[in-house]
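Participant: Structure provided below as structure tokens; questions to follow.
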Amino acid sequence: MRYGIFSDVHSNLEALEAVLQAMEKEGVDRILCAGDLVGYGADPAACLALLRQRAVQAVRGNHDAAVTGQLDLDWFNSRARAALEWTAKQVSETDRNDLADLELIWQNPDLTLVHSGLHEPEQFHYILNLSDAADSFRSQRTPVVFIGHTHSPGIFIQDGTDLSFLRAAELRVDPRKKYLVNVGSVGQPRDGDARAAWCLYDTGERRIGIQRVPYPVEETQAKIRKAGLPDFLAERLSVGY
Ligand SMILES: [Fe+2]
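With our numbering, letter number 35 in the sequence shown gets 35, and the count goes up by one each step, no holes.
Given below as structure tokens:
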């Protein structure tokens, strides 16, 4: 099975289209999204329609939860909050119900999908270091867990009692180890690389690879400005931060 996994679309339609196209080229069998479908960007309804059309299996991110009232807006900084309030007015009742129905965790025998990590997933803790990763590994039951939330890709590896972090783009899965893979962000990368991120997981070849794909950033920025959203949300897309 070839899984295509991405996260943090954040209503960026141009980046989502570029990633879906790249997945098609790679012959992906199943598409998964680790949450934050909306928020920040100018195309929430179009992104939700496209995700639905492609039968993408998603889980709930903190921004998704905020749009449906499942998470308090006080959780967010002022720019994120402004975009969330705007987003709530853009989505239909069907979109809102779909967002509200997202589960926090989705799992099959191959993998687990969760937005922030497996430790208190409803709290949306950020996994920024080995100690944060250890908290999530304690609840990990599948060989690989895919997350997003920080918008910065990288792979945490548990080998017995040893934990390590790899910023590498590609690795072969060792069945004796466990992996916590942050797939980065489609719509708002924050690792200094402006290109959209996604991850290919080939269970047959036991291969995990983070991929990057360019998209027309200026188009996305123009839409954000036209919608009257905070200018910083457009600006940051050029530099991937
Ligand atoms: Fe996010």
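All residues carry an ideal CB built from backbone N, CA and C; glycine is no exception. A quick note: this is a predicted structure, and the numbers were derived from the prediction, not measured.
1) Residues near ligand 1, CB to any non-hydrogen atom under 5 angstroms, in chain order?
2) Going by the beta-carbon positions, is the gap between D64 and L99 smaller than 8 angstroms?
3) With a cut-off of 8 angstroms, do at least 3 Cβ pairs link the region 208 to 225 to the region 48 to 56?
4) Between D193 and the rest of its own chain, which residues show a CB-CB distance below 7 angstroms, the 5 nearest in sequence each way excluded?
5) Would you please state the rounded distance, in angstroms, between the beta carbons of G187 and A15? I believe it to be under 8 angstroms.
6) List the endpoints of the continuous beta strand (DSSP E) containing S116.
7) Tell me where the beta strand (DSSP E) around V239 begins and ends.
8) Decide if P109 is buried, meaning its Cβ has at least 16 other Cβ atoms within 10 Å, or exposed.
9) Counting only the same chain and skipping the five closest in sequence on each side, list residues whose C-beta sits under 8 angstroms from that of T112.
10) The beta strand (DSSP E) spanning D202 covers which residue range?
11) Could you say which of P44, R54, L229, S238 lies nearest to V91 if we only look at CA atoms?
12) Measure from the alpha carbon of A242 to the alpha carbon of each residue in V114, L102, Y3, then state which is nearest.
13) Considering only residues of the same chain and omitting the five flanking positions on each side of K25, which have a CB-CB separation below 6 angstroms?
14) Entirely within the region 53 to 80 and at least 4 residues each: give me those alpha helix (DSSP H) ranges in chain order.
15) Does R225 come out as helix, strand or coil in the three-state DSSP assignment?
16) Select from V67, L37, A66 the residue whose C-alpha is nearest the C-alpha of V59.
17) So, helix, strand or coil for E286, using DSSP?
18) What is the DSSP secondary structure of N129, reduced to helix, strand or coil?
19) Secondary structure at V217, three-state DSSP: helix, strand or coil?
20) Grab the span of the beta strand (DSSP E) containing E170 for me, first residue to last.
21) Report the three-state DSSP secondary structure of N97 (helix, strand or coil).
22) Cα-Cα, which of H10, D191, R206 is closest to R176?
23) Let me know the secondary structure DSSP gives Q140 once reduced to three states.
Facilitator: Based on what the coordinates show:
1) Taken from the N-terminal end onward, the list reads D8, D36.
2) Within the sequence shown, numbered from 1, the residue matching residue 64 stands at position 64. Within the sequence shown, numbered from 1, the residue matching residue 99 stands at position 99. Yes.
3) no
4) Locating residue 193 in the sequence shown gives position 193, where the first residue counts as 1. Within the same chain, D193 has close Cβ partners R212, G240.
5) Sequence index remark: in the sequence shown, residue 187 carries index 187 (1-based). Sequence index remark: in the sequence shown, residue 15 carries index 15 (1-based). Going by Cβ atoms, the distance from G187 to A15 rounds to 5 angstroms, so yes, they are a contact pair.
6) Position 116 of the sequence shown holds residue 116. From DSSP, S116 is part of no beta strand (DSSP E); its letter is neither H nor E.
7) On the sequence shown, residue 239 is found 239 positions in, with the first residue counted as 1. Where V239 is concerned, there is no enclosing beta strand (DSSP E), although the alpha helix (DSSP H) it sits in stretches over 231 to 239.
8) The sequence position of residue 109 within the sequence shown is 109, counting from 1. In this structure P109 is exposed. Its beta-carbon is surrounded by fewer than 16 other beta-carbon atoms within 10 angstroms.
9) Here residue 112 refers to the residue found at position 112 of the sequence shown. Correct list, in chain order: I105, W106, L118, Q140, R141, T142, V144, V145, F146.
10) Reading the sequence shown from its first residue, position 202 is the one you call residue 202. Run containing D202: 196 to 202, per the beta strand (DSSP E) assignment.
11) Position 91 of the sequence shown holds residue 91. Looking at the Cα atoms, P44 is the closest of the given residues.
12) The question about residue 242 has no answer, for the chain in this structure spans 1 to 241.
13) For the purposes of this step, residue 25 is taken as the residue at position 25 of the sequence shown. Within the same chain, K25 has no close Cβ partners at all.
14) 62 to 67
15) By one-based count along the sequence shown, residue 225 stands at place 225. DSSP places R225 in the helix class (H, G or I) of the three-state scheme.
16) As a position in the sequence shown, residue 59 is number 59, starting the count at 1. Answer by Cα proximity: L37.
17) Any answer about residue 286 is impossible in this case: the structure gives the chain only from 1 up to 241.
18) As a first step, residue 129 must be located in the sequence shown, where it is residue number 129. Correct three-state label for N129: coil.
19) Numbered from its first residue, the sequence shown carries residue 217 at position 217. Three-state DSSP puts V217 in a helix.
20) The sequence position of residue 170 within the sequence shown is 170, counting from 1. Looking at the DSSP string, the run of the beta strand (DSSP E) that includes E170 is 170 to 172.
21) The count along the sequence shown starts at 1 and reaches residue 97 at position 97. In the three-state reduction of the DSSP assignment, N97 falls in the helix class.
22) The residue you call residue 176 lines up with position 176 of the sequence shown. The option with the nearest alpha carbon to R176 is R206.
23) Residue 140 sits at position 140 when you count from the first residue of the sequence shown. The answer is coil: DSSP assigns Q140 none of H, G, I, E or B.
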